[in-house]
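**Student:** To convert, take the position in the first sequence, counting from 1, and add 8; that gives this note's numbering.
Cβ coordinates follow ideal geometry from the N, Cα and C atoms, glycine included.
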Amino acid sequence: MLDLKLIREQPDLVRWAVSVKRTNLDVDALLELDRQVSAQRTRVEALQAERNRQAKAVRDASPEERPAGIQRGKEIAEQLKGEESLLRQLEQQLQPLLLQVPQIPLESVPVGESEEDNVVLREVGRRAEFAFPPRDHVALLERQGWAEFERVGKISGSRSYMLRGELVLLEQALLRFALDFLYARGYTLLSASALVRPETLFATGHFPGGEDQVYRIEGEALLLSGTAEVPINFLHAGEILNFEELPLRYGGISAAFRSEAGSAGRDVRGLIRVHEFKKVEQFVICEGSLEHSMALFGELLSNAEEFLQALELPYRVLQNCTADMGAGKLIMYDLECWVPSEQRYRETHSCSNLGDWQARRSQLRYRDPAGKLRFPHTLNNTAVATPRILVPLVECHQQADGRVRVPGALRPYLGGRELLGRALSAQEAR
RNA sequence: GGAGGGUUGGCCGAGCGGUUGAAGGCAGCAGUCUUGAAAACUGCAGUGGGGUGACCUACCGGGGGUUCGAAUCCCUCACCCUCCGCCA
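Here you go:
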């Protein structure tokens, strides 16, 4: 959500944002409706003032004057009823439009038309060279007995998976490493429920627009969130935060659910795109200035990069262009890890600075040192998401014999083991 | 699932249907006093919307209703607490 004043005073800026973000929003219709709401509000308030005056007059009236005063009050109340209901109608028309107004991207963000226009900022780490034909993660997992792909379909349908054996431990190691990693950097850890109310999804900006990505619980007004960003963002909703406690740094672990409506046929095989996964998310609430939030954007980004470096995974940093960055975002970088079987990078992390866009929707404020109420900035980035991260991890660290080398950072979580799996025979490994 | 009690400003906590936007306290800001600080005392001070301004208006968990007039009465939803039942 943007400040209505900004929309009124700089409609061209908003039109620009709508255009470069490929949003479908009629800014002029919004402005016209806003004018109608303002005019109607003025009418309603004038009537309210009259009603209040009349009520006081009745209170102070002599018994003889009273009936006439009450009659007059009734007339005002009757008229007010109609005008108020019209105001409510207009406001209800305006509200959904306001929720669609995108954040103005930073000037530095490349303007683009699709994800094709995202910009590679840098590539880090050496892509593994294999002296043998590398297997893809599905083949690797099946041969090691590390996953159930065939049977699980009868339990949960397509895009489902079940990890098995040592891979369960590897997944837990990754999650635990991510938590320790953030804890060591002063992040407050949260173990969050994915079960959330609809307003939490409006607050983050997933709604309106992302409704078909989210699972609903039948008979309940609850939904299954696709990221801990949703519950964490709403944790302080409606509060006035103490300036001294900013920035709030959170590391939240949760289950994550995504319907993947609209991705039919894409990545149906393996662990890249599944309906349910586990994620450790970084989430920060900071002072509402670009100076602060961009510093923290850098922090969230380098946390993720250091994490990937600790996993010894080659990755690249991508700056998302305006068309591929989501309505609420000021700026967004994706981290993509190298997947040998596909000979390309796949997204594992997504780092965003939302400015005050989410905070406005969440009624989240703080009092600055001058005593003025201000909206903070919010940011988020993945710390780790599994099982997706397992794809580059097992593929990049696979050995000729089908075993998987454990990067040093994870060994403490796996009893010091350097290799997972059993050496496959030449026949098995085929 | 059943029964009852609650939700008021940054926090705590009063509040007969009509000078209550809301007592009082704490915290905050300014001043007096003091070498300085503390204490004490005095004053200022809620949030959003509208107006150049005096000022008007809304907000006492959300929504709806009764009334000339609602923080106060009614309905409804959410949440919190207590007891009973069930339960990983």
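Helix or strand or just coil, what does DSSP make of residue 383?
**Tutor:** Residue 383: coil per DSSP, three-state reduction.
**Student:** List the whole-angstrom C-beta distance separating residue 5 from residue 308, where the pair is believed to meet the contact cut-off of C-beta under 8 Å.
**Tutor:** Outside the displayed range of the chain (9 to 438) lies residue 5, so it cannot be described from this structure.
**Student:** The alpha helix (DSSP H) with residue 126 in it runs from where to where?
**Tutor:** Taken as a continuous stretch (DSSP letters only), residue 126 belongs to no alpha helix (DSSP H), as it is neither H nor E.
**Student:** Below 8 Å, how does it come out for the region 11-26 and the region 34-46: are there three or more Cβ pairs, yes or no?
**Tutor:** Taking 8 Å as the limit for Cβ pairs, the verdict is that the region 34-46 does touch the region 11-26.
**Student:** Alpha carbon to alpha carbon, what distance is there between residue 242 and residue 370?
**Tutor:** When rounded, the distance between both Cα atoms is 7 Å.
**Student:** I'd like to confirm the pairing. Which residues does DSSP put opposite residue 286 in its beta bridges?
**Tutor:** In the DSSP output, where bridge partners are listed per residue, residue 286 has 263, 394.
**Student:** I'd like the list of long-range same chain contacts for residue 91, defined as Cβ closer than 8 Å, with 5 residues on each side in sequence excluded.
**Tutor:** Answer for residue 91: 48, 51, 52, 55, listed in chain order.
**Student:** Taking the alpha carbon of residue 416 as the point to measure from, which residue in 407, 39, 427, 75 has its own alpha carbon closest?
**Tutor:** Ranking the options by Cα distance to residue 416, first place goes to 427.
**Student:** The alpha helix (DSSP H) that contains residue 67, what's its start and end?
**Tutor:** Its alpha helix (DSSP H) spans residues 35-68.
**Student:** Beta carbon of residue 181, beta carbon of residue 374: below 8 Å?
**Tutor:** No, Cβ-Cβ distance for residue 181 and residue 374 is not below 8 Å.
**Student:** Can you tell me which of the three DSSP states residue 404 falls into?
**Tutor:** Residue 404: helix per DSSP, three-state reduction.
**Student:** Going by Cα to Cα distance, which pick from 227, 228, 209 is closest to residue 220?
**Tutor:** It is 209 whose Cα lies nearest to the Cα of residue 220.
**Student:** With DSSP as the reference, identify every bridge partner of residue 196, one or two as the case may be.
**Tutor:** In DSSP, residue 196 forms a bridge with 258.
**Student:** Is the region 89-106 touching the region 59-71, taking contact as three or more C-beta pairs under 8 Å?
**Tutor:** No: fewer than three Cβ pairs fall under 8 Å.
**Student:** What does DSSP give as the partner residue(s) for residue 340 in the beta ladder?
**Tutor:** BP columns for residue 340 point to 360.
**Student:** Is it buried or exposed for residue 1, if we count other Cβ within 10 angstroms and need 16 for buried?
**Tutor:** Nothing can be reported for residue 1, as the shown portion of the chain is limited to 9 through 438.
**Student:** At the level of alpha carbons, what is the spacing between residue 270 and residue 359?
**Tutor:** In a straight line, the C-alpha of residue 270 is about 23 Å away from that of residue 359.
**Student:** Hey, could you find the ends of the alpha helix (DSSP H) residue 375 is sitting in?
**Tutor:** Unbroken run through residue 375 is the beta strand (DSSP E), 373-375; no alpha helix (DSSP H).
**Student:** For residue 353, which option in 409, 392, 232, 280 has the closest C-alpha, if you only look at C-alpha atoms?
**Tutor:** Here the closest residue by C-alpha is 280.
**Student:** With distance defined between alpha-carbon atoms, name the residue in 233, 273, 150, 272 nearest to residue 287.
**Tutor:** Among 233, 273, 150, 272, the Cα nearest to that of residue 287 is on 233.
**Student:** Could you have a look at residue 425 and say whether DSSP puts it in helix, strand or coil?
**Tutor:** Of the three classes helix, strand and coil, the one that applies to residue 425 here is coil, per DSSP.
**Student:** With a threshold of 8 Å, are at least 3 pairs of Cβ atoms found where one atom belongs to the region 334-349 and the other to the region 127-141?
**Tutor:** Enough Cβ pairs lie closer than 8 Å, so yes.
**Student:** Measuring alpha carbon to alpha carbon, tell me which of 24, 85, 149, 436 ends up nearest residue 112.
**Tutor:** Ranking 24, 85, 149, 436 by Cα distance to residue 112 puts 24 first.
**Student:** Going by CA-CA distance only, name the one from 291, 338, 423, 410 that's closest to residue 387.
**Tutor:** Ranking the options by Cα distance to residue 387, first place goes to 291.
**Student:** Per DSSP, which residues does residue 324 bridge with? Please list them.
**Tutor:** Paired residues: 131, 344.
**Student:** Kindly indicate which three-state DSSP category residue 412 falls into: helix, strand or coil?
**Tutor:** Reduced to three states, the DSSP call for residue 412 is strand.
**Student:** Since residue 283 and residue 262 should fall inside the 8 Å C-beta cutoff, what is the C-beta to C-beta distance between them, to a whole number of angstroms?
**Tutor:** Not really, about 15 Å apart at Cβ, beyond 8 Å.
**Student:** Please tell me whether residue 400 and residue 171 are closer than 8 Å, where the distance is taken between their beta carbons.
**Tutor:** No, the Cβ-Cβ distance between residue 400 and residue 171 is not below 8 Å.
**Student:** With residue 161 as the anchor, note down where its alpha helix (DSSP H) starts and where it stops.
**Tutor:** Where residue 161 is concerned, the enclosing alpha helix (DSSP H) stretches over 161-164.
**Student:** By alpha-carbon positions, which one of 331, 372, 204 ends up nearest to residue 296?
**Tutor:** The option with the nearest alpha carbon to residue 296 is 372.
**Student:** What are the boundary residues of the alpha helix (DSSP H) that residue 93 is part of?
**Tutor:** First-last of the alpha helix (DSSP H) with residue 93: 74-108.
**Student:** What are the residues that DSSP puts in a beta bridge with residue 329?
**Tutor:** DSSP output for residue 329 lists no bridge partner at all.
**Student:** Any idea if residue 193 is buried or exposed, counting beta-carbon neighbours within 10 angstroms, 16 or more meaning buried?
**Tutor:** Answer is exposed; the Cβ neighbour count stays below 16.
**Student:** If you follow the alpha helix (DSSP H) that residue 16 is part of, which residue opens it and which one closes it?
**Tutor:** Element bounds for residue 16: 12-17.
**Student:** Assuming residue 88 contacts residue 61 under a Cβ cut-off of 8 Å, what Cβ separation, rounded to an integer in Å, is found between them?
**Tutor:** That pair is no contact at about 13 Å.
**Student:** Taking all protein chains shown into account, decide if residue 126 is buried (16 or more other Cβ within 10 angstroms of its Cβ) or exposed.
**Tutor:** Flag for residue 126 reads buried.
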